[in-house]
Every structure is written in structure tokens, then in C-alpha cells.
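Q: Let me begin by handing over the structure; questions about it come next.
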Amino acid sequence: MNKLDRITSRVTCFNTKNVDTDQIIPARFLKRIDKTGFGDHLFADLKPAEVMQIPDARHRQILIAGPNFGCGSSREHAVWAIRDFGFRLLISTSFADIFKENSLKNGVLTIELDAPTHARLVEVAQKSPNAEMTVDLPTQTIDFGGIQTKFQVNSFSKTCLLEGLDELGYILRHDSQIAAFEKRSI
Amino acid sequence: MQPKTLYDKIWESHVVVPETDAPAILFIDLHLIHEVTSPQAFDELRKRGLRVRRTDLTLGTADHSIPTTTRILSPTQDREAYDQVKQLETNCRDFGVQLYGLGSDQQGIVHVIGPELGITQPGKTIVCGDSHTSTHGAFGALAFGIGTTEVGYVLASQCLLQRKAKNLELAVNGTLKQGVTAKDIILYIISKIGTAGGTGSVIEYTGSTIRGLNMDGRMTVCNMSIEGGARAGMVAPDDTTFEYLAGRPMAPQGTEWDKAVARWRGLTTDSGAKYDRTISFDAVDIEPMISFGTNPGMTIPITGTVPNADSEEMRRALQYMGVEPGKPLLDHPIDVVFIGSCTNSRITDLRAAAQILKGRKVAPTVKAVVVPGSQQIKKMAEAEGLDRIFKEAGADWRESGCSMCIAMNGDKLEPGQISVSTSNRNFEGRQGPGGRTLLASPLTAAASAITGRVTDLRRLVNS
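Residue numbers (my numbering), protein chains in the order written: chain A, 619 to 804; chain B, 153 to 615.
In C-alpha cells form, the structure reads like this:
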């Protein structure tokens, strides 16, 4: 996993509710058997002006999204597309469960904020489209246009991102417990 | 002992390492794989020099990107799909995984063949790189979709990192009205709880209405749990479950069967066990349902009217769909009817559609496509003469696969076309760029095929 600790970047704000993974990357682009190049097809049909009309869109690492972002299909290609497009950090009021897991596994941090705080960030992003946001994972703080706010992240995910922890390696280190479990359940 | 829910019981019996700050390590009993979400996971295994830990608990099929007009996938027809299916064959061969691929008579949609083979069983943990894995919960299994990275974890370790979810009880009680099916129940529920209503939760469906459903119906309900935001949905196993599984090729046999059933009977929620939340519904309130918008929560009774565009999301949805607020959907002209998908492609669904189409004709303005969920279902339907009913009515009768539910294989809507579809997602472009989807039951889909318009099947049948 790629490490992530502190990001300072301009922000893309696409505050639409229930953006499903079919919108993030339509199914016809899922036939590739590697993980590369999906960024070219991000929002291929939806083409939201909020994202596509920003000249430096692919250089912005932070996306403020709307509620229930990433719902629907479990396709990890959605996160590969977001990541390949350039985003490392997603902020919303809520993300769909599978999408959230997939994000973490690709070193993309999802931050869930309460609706009023989310709305304040959206307001700043809309008023000052080129303002920079700083997100600091160790202190769990967001700094954006005079707004300073804390965010929650569970300690395991935080460690994973800060240290670039290899989750599969972590599971495989428990091989003897897995073997014992298998023996018990035969 | 503290009373437990069905979810508590399955969770606890699969914990290898308990949850602390770190998620639990959870053992997986059955891993289903398909061509679209597995290639990058096998790549990872190769890169790390790992093998598949439990080939005996892993099963593959090709379903998403394969044609349904033929069993031959030619590289000239679709190079990428061809490569993807070939890669699945190579991966399964190299790693020793059983594959029911294209050409196998056990091939079918991954969530159809698991139950059909009898390998989907009560009490199991079941995963697949596909969000509709929740289907298998109908058997009292804990079944959920995972991403490709996690597919790699399960291939290599037979385990996942998981945190225990909240437990949501959805109770449906009472007798269903005429023409109301399992599909209408789940569409109704999602219209009430919304597409994020179950986020962070595992659903248990309870109540007399759910108990009264056959296994095909229970699978339809559990299948769409993810459309309500829940990764998993389950129904406690009972005699209906055991009767379905008895004698299936991969179900336990002989004395093993008796032992298994005795064990499975314990897989119920204890009285006094606590859910985090319970929502109750009355069956009598449920009408045949149809979606009007661009997510499955945007669903109304077939006799209802399209709601007002009171939000930006709704305004956009209605505009995309070409439907007018305050107007009924009934009699809205349609172009395509699709009967199939992991939601509604089982024998009960095909029988229901055939019952409506028998002796009638598909409207000349409509293209109707019937895609059985598996080769076994195809065979069964043909033995019953359902294929003749469909063909005589003017519908296409296809080979099994995901087909027009996900539109990866060439089966798709043209821009602007509108379908009544028995699938599970009405997202923008889901059935092809610019295509518009109205989700409904096989009965409603078949009735609409005949008239060429959105139709209340009760009016058609009773007239």
C-alpha cells in the first residue's frame, strides 16, 4: 500500500448524492486485466462539469464528494480510476461500505464528516475553487480556507496509511492461527 | 448464555483472530470467482509467489462478459472479453481452481450456480468479488461482496480482515396481494429505507411473509440487500431451505446430510437476542413495484405517480429518465424487456414470465430478451417447454450469463431506449450508455412486453 501522511492540494468539489460506482467507471471499461489506465475513464458518461472542466483536475488530490459516494457495484476499478486520475483523499458525509474498504486498500483515505462541517467545506470550495486544503493524518486535522476541523479515522486504518502496511502480509503472519482454525473446523 | 442473532452466531464461529484495534481475521468457507474481478488478484499472487490456500473452497465461473447468443467467444467479436475469459481459464488451471467456464453445463451466473450446486449452505461465510454475493444469504449464510484486493487476500489466506457490522432486522409480515412477488417486496423495502438505509449493517429478513417465500424468492430479496446499502442480507434456514438443498451435487449426502441439517437447525436468532435496529413492514401495503428514477430507491407502486422534483438529484433523475413529475408511469411506452440477472433468472422467475406470455405476443415495438441464470436452469426450462412459450410469444431465448443487467457483453440498450428489466440496478447507463431502466418483477416485465407499455399485470390477467 502507498503511504499517506499529509496532503496539501487544491480541491475538486463534486457534491452530488448517491454517485454509484457505475458512474465512477461504467462496466464496459472493466474488461482490462491489469490495474492501469482506468483514470482516463473516470466519470466517462457522467462527465460532471465540476470535475471535467477544471484545467488542472488531474493535479488535484482531494475530492469533496456527496453523501453515499461509491454505492452499488463492488468493482475496485472505481477506486483504481479515482486513484489513477490523481485523487488520494475523498471527503464526504458517508461512503458505501465496499467502496470505503477498496479505497483504504489502495492507499486512498476516505474522511467522513458531519453534514454541517461538510457543507462548510463545500461552501469554501465553491467560493474559492483554487484554495488549497491541507489534510494532516497524524493529527487528524483539515485546514481549509480558515476552517480547521478534526476528523475521525480508526487507528488500524491510520497505521495502514501512515506506514504503508501490507495487509495481506499481516494476515499471513497469522498462518498458525489460520491453520489451527482449519484443523478445528474439519 | 446470552441470546444471539443469526449473524452473531455465524460471525463468532468464523473468527480466527478477534477484533481489537485491528479488524478481526475472519475465515471464509466459500470463495466464488469470475472473470472481471479476479485477474488482478491472481497477478498479485504470482508477484508474491503465493498459491491458492484452499482450492477446495474456491470455485470459478465466467458470467459477466460472455455472449448469450452463442457459447463461443471469438477474439474478433470482442478482444478484451476474450482475453479476460482466457485469463480466468489460465488462472484456474495454473492455481488448481475448479472452473465451470464457458461451455460447461454447470456454467451460469455466479450467484445462481452456488445455490444450484448445493455448495451454498447455511452457516457458511461466502464471498465473491461481486456486490450481489448477498444473494447467498437466503440460505442463512453470511455472504458479501468484496473488492479485488480482498479477492487476493482470500485466495492466498482463505481469510479477510473484517469488523463486525451492525445488525438490522427487516420484518415483513402478512399475506401478499395478488401479483406481488419477492421482487416487489425488496423494491418496496428499498423505496422506504433508501439506498443508504442499510449502510454499515448486515440485514436479517424475518417475518411470516419472508418465511412464506420459496428459495428463489428469498434469493431475490437477499440479492438486492446491497441496493439498500447493506453488504449482506440473510434469512434463517428452515425446512424450505433444507428441501431445496437435499440431493444437490455438492450438498452433504447420507448421514452427513442428517448431521448437517441438525446443525443448521440451530442457525436461528435466539429469542431475546438484540438487533441494533428493527424496521417492520406489512405485506398488505406492498403493490407490484416499479422504479422510475436512477437508483433503486426511486421506486413507486405501479399504480403510483412520479414524485415531484424536490431536489437536484431528483430533477436530474427525472430528466434522464424522461418521466414527468406528478404523472403515472402506467402506459409509458417502452422499447426493451429484459428477463434475467442474478436477481430474477431462476426457474420460478421464468415460470412466472411464461405464465403471462403463454398464448400472447410481445408487442411489435418491443424487443424482449429472456436470459436464464444458468445452463441447468436453461435445461430445466426447456424440459418444461418454457422456451417454446417465450419463442412463440416473440421473445429471444438465450444462453446463460449476466447479459443486459451489466451490459458488458454487447447485450445492451441503445441511447434513449427504455427497458422494463428484472435486474437490480437502474443507474444511469447501467444497461448501456444513455439507456434507461425501469426495475420490476418478471410478472410486470412480461405484462409490459405484451402491451409495449408499463403495465399493471393484474389488469392484463384480470381482463
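Glycine residues also receive a C-beta, built at the ideal position from the N, C-alpha and C atoms.
(1) So who's on the other strand from Met751 of chain A, going by DSSP bridges?
(2) Distance check for Cys244 of chain B and Ser256 of chain B, CA to CA, integer angstroms please.
(3) According to DSSP, what are the bridge partners of Cys280 of chain B?
(4) List the residues of chain A that Gly281 of chain B touches, going by C-beta distances under 9 Å, in chain order.
(5) For Gly201 of chain B, which of helix, strand or coil comes out of DSSP?
(6) Could you round the C-beta distance between Met532 of chain B and Ile508 of chain B to whole angstroms and report it? I think they count as a contact, below 8 Å.
(7) Could you round the C-beta distance between Pro401 of chain B and Leu211 of chain B to whole angstroms and report it? I think they count as a contact, below 8 Å.
(8) Assuming the contact rule is C-beta atoms closer than 8 Å, Glu785 of chain A and Lys723 of chain A should be a hit. Round their C-beta distance to whole Å, please.
(9) Output yes if chain B places a C-beta closer than 8 Å to the C-beta of Pro644 of chain A; else output no.
(10) Are Gly275 of chain B and Trp163 of chain B touching if we call contact CB-CB under 8 Å?
(11) Could you say if the region 304-321 of chain B and the region 350-368 of chain B meet the contact criterion of at least three C-beta pairs nearer than 8 Å?
(12) Under three-state DSSP, which class holds Leu254 of chain B?
(13) Would you kindly work out how many angstroms separate the C-alpha atoms of Ser710 of chain A and Ser692 of chain A, rounded to a whole number?
(14) Tell me the DSSP secondary structure of Pro477 of chain B in three-state form.
(15) Tell me where the alpha helix (DSSP H) around Cys778 of chain A begins and ends.
(16) Among the candidates A:Gly657, A:Gly690, A:Cys689, whose CA atom is the shortest distance from the CA of Ala675 of chain A?
(17) Taking the straight line between their C-alpha atoms, what separation do you get for Thr301 of chain B and Gly546 of chain B?
(18) So if I threshold CB-CB distances at 8 Å, which residues from the region 342-367 of chain B count as touching chain A?
(19) Does the beta-carbon of His284 of chain B have 16 or more other beta-carbons within 10 angstroms, so that it is buried, or is it exposed?
(20) By the three-class DSSP mapping on this structure, what secondary structure does Thr603 of chain B have?
(21) Rounding to the nearest angstrom, what Cα-Cα distance links Gln758 of chain A and Gln744 of chain A in this structure?
(22) Using a Cβ-Cβ cut-off of less than 7 Å, give me the residues of the region 782-799 of chain A that come near chain B, in sequence order.
(23) Take every Cβ of the region 564-576 of chain B, pair it with every Cβ of the region 587-607 of chain B, and state whether three or more of those distances are shorter than 8 Å.
(24) Do Leu397 of chain B and Gly266 of chain B come within 8 Å of each other at the CB atom, strictly closer than that value?
(25) Take the Cβ of Ile765 of chain A as the centre, count every other Cβ of all protein chains shown within 10 Å, and call the residue buried at 16 or more, exposed below.
(26) May I ask which residues mark the beginning and end of the alpha helix (DSSP H) holding Met532 of chain B?
(27) Helix or strand or just coil, what does DSSP make of Ala435 of chain B?
(28) Roughly how many whole angstroms lie between the Cα atoms of Pro594 of chain B and Glu750 of chain A?
(29) Please state whether DSSP places Glu694 of chain A in a helix, a strand or coil.
(30) Of all the residues that make up the region 624-654 of chain A, which are near chain B by a beta-carbon distance shorter than 8 Å?
(31) Could you list which residues in chain E have their beta carbon closer than 8 Å to that of Asn686 of chain A, in chain order?
(32) Unbroken beta strand (DSSP E) runs of length 3 or more, entirely within the region 379-467 of chain B: which are they?
(33) Here's a check: name, in chain order, each residue in its chain whose Cβ is nearer than 6 Å to the Cβ of Gln250 of chain B, leaving out the five neighbours to either side.
(34) Indicate whether at least one CB of chain B lies closer than 8 Å to the CB of Leu664 of chain A.
(35) Going by the DSSP bridge assignment, what does Phe490 of chain B pair with across the sheet?
(36) With Arg588 of chain B as the anchor, note down where its beta strand (DSSP E) starts and where it stops.
A: Concretely, from the data shown:
(1) What you label residue 751 of chain A is simply residue 133 of the first sequence in a count that begins at 1. A:Ser627, A:Phe762, per the DSSP bridge assignment.
(2) Counting from 1 along the second sequence, the entry for residue 256 of chain B is found at position 104. Counting from 1 along the second sequence, the entry for residue 244 of chain B is found at position 92. Near 14 Å, if we compare the C-alpha coordinates of Cys244 of chain B and Ser256 of chain B.
(3) Here residue 280 of chain B refers to the residue found at position 128 when the second sequence is read from its first residue. Looking at the DSSP assignment, Cys280 of chain B forms a beta bridge with B:Leu184, B:Gly297.
(4) Walking along the second sequence from the start, residue 281 of chain B turns up at place 129. The contact set of Gly281 of chain B on chain A, defined by CB atoms closer than 9 Å, consists of Ser692, Arg693, Glu694 in chain order.
(5) If you number the second sequence from 1, residue 201 of chain B lands on position 49. Correct three-state label for Gly201 of chain B: coil.
(6) Indexing the second sequence from 1 puts residue 532 of chain B at position 380. Indexing the second sequence from 1 puts residue 508 of chain B at position 356. With a contact defined as Cβ atoms closer than 8 Å, Met532 of chain B and Ile508 of chain B miss out at about 19 Å.
(7) Residue 401 of chain B sits at position 249 when you count from the first residue of the second sequence. Residue 211 of chain B sits at position 59 when you count from the first residue of the second sequence. In fact, because the Cβ distance is near 12 Å, the residues do not count as touching under 8 Å.
(8) Numbered from 1 along the first sequence, position 167 holds the residue referred to as residue 785 of chain A. Numbered from 1 along the first sequence, position 105 holds the residue referred to as residue 723 of chain A. In this structure Glu785 of chain A is in contact with Lys723 of chain A, their Cβ atoms being roughly 7 Å apart against a cut-off of 8 Å.
(9) For the purposes of this step, residue 644 of chain A is identified with residue 26 of the first sequence, where counting begins at 1. For Pro644 of chain A, the nearest beta carbon of chain B is closer than 8 Å to its own beta carbon.
(10) Position 123 of the second sequence, counted from the start, is the residue given in the question as residue 275 of chain B. Position 11 of the second sequence, counted from the start, is the residue given in the question as residue 163 of chain B. Result no, Cβ atoms of Gly275 of chain B and Trp163 of chain B do not sit closer than 8 Å.
(11) Output reads yes: the region 350-368 of chain B touches the region 304-321 of chain B.
(12) Counted from its first residue, the second sequence places residue 254 of chain B at position 102. Coil, per DSSP.
(13) Here residue 710 of chain A corresponds to residue number 92 of the first sequence, with the count starting at 1. Here residue 692 of chain A corresponds to residue number 74 of the first sequence, with the count starting at 1. Straight-line Cα distance between these residues: approximately 19 Å.
(14) Stepping through the second sequence from its first residue, residue 477 of chain B is reached at position 325. Correct three-state label for Pro477 of chain B: coil.
(15) Indexing the first sequence from 1 puts residue 778 of chain A at position 160. For Cys778 of chain A, the enclosing alpha helix (DSSP H) covers residues 773-781.
(16) The count along the first sequence starts at 1 and reaches residue 675 of chain A at position 57. The option with the nearest alpha carbon to Ala675 of chain A is A:Gly657.
(17) For this step, residue 301 of chain B is matched to residue 149 along the second sequence. For this step, residue 546 of chain B is matched to residue 394 along the second sequence. Cα to Cα, Thr301 of chain B sits roughly 44 Å from Gly546 of chain B.
(18) Answer in chain order: Thr347, Ala348, Thr351, Gly352.
(19) For the purposes of this step, residue 284 of chain B is identified with residue 132 of the second sequence, where counting begins at 1. Buried, since its Cβ has 16 or more Cβ neighbours within 10 Å.
(20) As a position in the second sequence, residue 603 of chain B is number 451, starting the count at 1. DSSP places Thr603 of chain B in helix when its eight states are reduced to three.
(21) Locating residue 758 of chain A in the first sequence gives position 140, where the first residue counts as 1. Locating residue 744 of chain A in the first sequence gives position 126, where the first residue counts as 1. When rounded, the distance between both Cα atoms is 23 Å.
(22) Per Cβ criterion, the list reads Glu785, Leu786, Ile789, Leu790, His792, Gln795, Ile796, Phe799.
(23) Touching, yes.
(24) Along the second sequence, one-based indexing puts residue 266 of chain B at 114. Along the second sequence, one-based indexing puts residue 397 of chain B at 245. At a Cβ-Cβ threshold of 8 Å, Gly266 of chain B and Leu397 of chain B do not count as neighbours.
(25) To locate residue 765 of chain A, count along the first sequence from 1; it is residue 147. With fewer than 16 other Cβ atoms from the protein chains shown falling within 10 Å of its own Cβ, Ile765 of chain A counts as exposed.
(26) Here residue 532 of chain B corresponds to residue number 380 of the second sequence, with the count starting at 1. Per DSSP, the unbroken alpha helix (DSSP H) holding Met532 of chain B starts and ends at 527-536.
(27) The residue you call residue 435 of chain B lines up with position 283 of the second sequence. Three-state DSSP puts Ala435 of chain B in a helix.
(28) Here residue 594 of chain B refers to the residue found at position 442 of the second sequence. Here residue 750 of chain A refers to the residue found at position 132 of the first sequence. Pro594 of chain B and Glu750 of chain A: Cα-Cα distance of roughly 52 Å.
(29) By one-based count along the first sequence, residue 694 of chain A stands at place 76. Here Glu694 of chain A sits in coil by DSSP.
(30) Considering only beta carbons, the part of the region 624-654 of chain A lying closer than 8 Å to chain B consists of Thr634, Lys635, Asn636, Asp638, Asp640, Gln641, Pro644, Ala645, Arg646, Leu648, Lys649, Arg650, Ile651, Asp652, Lys653, in chain order.
(31) Given the protein chain composition of this structure (A and B), no chain E is represented.
(32) Segments of the beta strand (DSSP E) lying fully in the region 379-467 of chain B: 384-386, 429-434, 441-443, 451-453.
(33) Working through the second sequence from its first residue, we reach residue 250 of chain B at position 98. Short of 6 Å from the beta carbon of Gln250 of chain B, and not among the five residues preceding or following it, lie these beta carbons of its own chain, in chain order: Leu211.
(34) Residue numbering aside, residue 664 of chain A sits at position 46 when the first sequence is read from its first letter. Among the residues facing chain B, Leu664 of chain A is included, as its CB has a counterpart in that chain under 8 Å away.
(35) On the second sequence, residue 490 of chain B is found 338 positions in, with the first residue counted as 1. Per DSSP, B:Val521, B:Ser573.
(36) Position 436 of the second sequence, counting from 1, holds the residue named residue 588 of chain B. Boundaries of the beta strand (DSSP E) around Arg588 of chain B: 588-591.
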